[in-house]
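Engineer: Pasting in a structure now, in C-alpha cells, and then I'll have a few things to ask.
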Amino acid sequence: MSYDNNNIFAKILRGEIPCNKAYEDDFALAFHDITPSAPVHVLVIPKGEYTSFDDFTASAPATTIHGFFAAVQKVAQKTGVDKTGYRIISNHGADASQSVPHFHVHVLGGKPMGHLLA
Ligand code: AMP
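If you number the sequence shown the way the working numbering does, the last residue is 1458 and the count never jumps.
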C-alpha cells in the first residue's frame, strides 16, 4: 500500500487539523483518541510516512523504531497507566479493521479491560 498524504493523521502532523496532544518528541506525536474506548485512550504516531505497523517495522531505520516505541512508553508514563496496567494495540490491514492508513499504536488503560478479545 502506498502512503496517502491526505489521511487524517498526516493532516494532524502537518497541523492542518487540531488534536488533543498528550506527548510529542522527535520521533512521535501522541494525542487522545476522538472516540475513546477506555478512560485512557491515546494514539501514538510516528512522524514519518508509514502506513501501518507492518510497513514501519519493515521499512523504518532502527533508531526510528526504537525512538517511536520509547515514546509509546513515555505516553504510558505520562498518563499514569504504567502504574495500573495498559494495553497497546496496532491494527494492520483489512482483517484488523485498520481505518487510518498512517501507522499508529493505541495505548489503552485506566480500567480493568479483561483478557485480549474476550
Ligand atoms: P484504527 O481503527 O486502528 O485505524 O484506529 C483509528 C483511530 O483513530 C480510531 O480509534 C478513531 O477513533 C481515531 N481517530 C480518527 N480520527 C481522529 C481524530 N481526528 N482525532 C483523534 N482520533 C481520531
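Where is the CB? At the ideal position from N, CA and C, for every residue including glycine. Quick caveat: nothing in here was measured; it's all calculated off a predicted structure.
Given a cut-off of 7 Å, decide if Val1382 and His1372 are closer than it, judged by their beta-carbon atoms.
Structural biologist: The count along the sequence shown starts at 1 and reaches residue 1372 at position 32. The count along the sequence shown starts at 1 and reaches residue 1382 at position 42. Going by C-beta atoms, His1372 is nearer than 7 Å to Val1382.
Engineer: Taking 6 Å as the line, does the beta carbon of Thr1375 fall inside it for any heavy atom of the ligand AMP?
Structural biologist: Working through the sequence shown from its first residue, we reach residue 1375 at position 35. The answer is yes for Thr1375.
Engineer: Could I get the ranges of all uninterrupted alpha helix (DSSP H) runs contained in the segment 1374-1454, with 4 residues as the minimum, in chain order?
Structural biologist: The qualifying runs are 1393-1399, 1402-1419 and 1421-1424.
Engineer: Which residues in the same chain as Ala1370 place their Cβ atom closer than 6 Å to its Cβ, once the five residues preceding and following it in sequence are excluded?
Structural biologist: The sequence position of residue 1370 within the sequence shown is 30, counting from 1. Taken in chain order, the residues that qualify are Ala1362, Tyr1363, Val1382, Val1384 and Val1415.
Engineer: State the start and end residues of the unbroken alpha helix (DSSP H) segment that holds Phe1349.
Structural biologist: On the sequence shown, position 9 is the one that residue 1349 refers to. That run of the alpha helix (DSSP H) goes Ile1348 to Leu1353.
Engineer: Once DSSP output is grouped into helix, strand and coil, what is the label at Phe1367?
Structural biologist: In the sequence shown, counting from the first residue as 1, residue 1367 sits at position 27. Phe1367 falls in the coil class under three-state DSSP.
Engineer: Are the segment 1384-1400 and the segment 1438-1445 touching, with three or more C-beta to C-beta distances below 8 Å?
Structural biologist: Yes, since at least three Cβ pairs between the segment 1384-1400 and the segment 1438-1445 fall closer than 8 Å, the two stretches touch.
Engineer: When we look at the beta-carbon of Ala1398 and count the other beta-carbons within 10 Å, is it buried (16 or more) or exposed?
Structural biologist: What you label residue 1398 is simply residue 58 of the sequence shown in a count that begins at 1. With fewer than 16 other Cβ atoms within 10 Å, it is exposed.
Engineer: When the Cα atoms are used, what is the spatial distance from Asn1431 to Arg1354?
Structural biologist: Taking the first residue of the sequence shown as position 1, residue 1431 is located at position 91. Taking the first residue of the sequence shown as position 1, residue 1354 is located at position 14. If you take the alpha carbons of Asn1431 and Arg1354, they lie about 23 Å apart.
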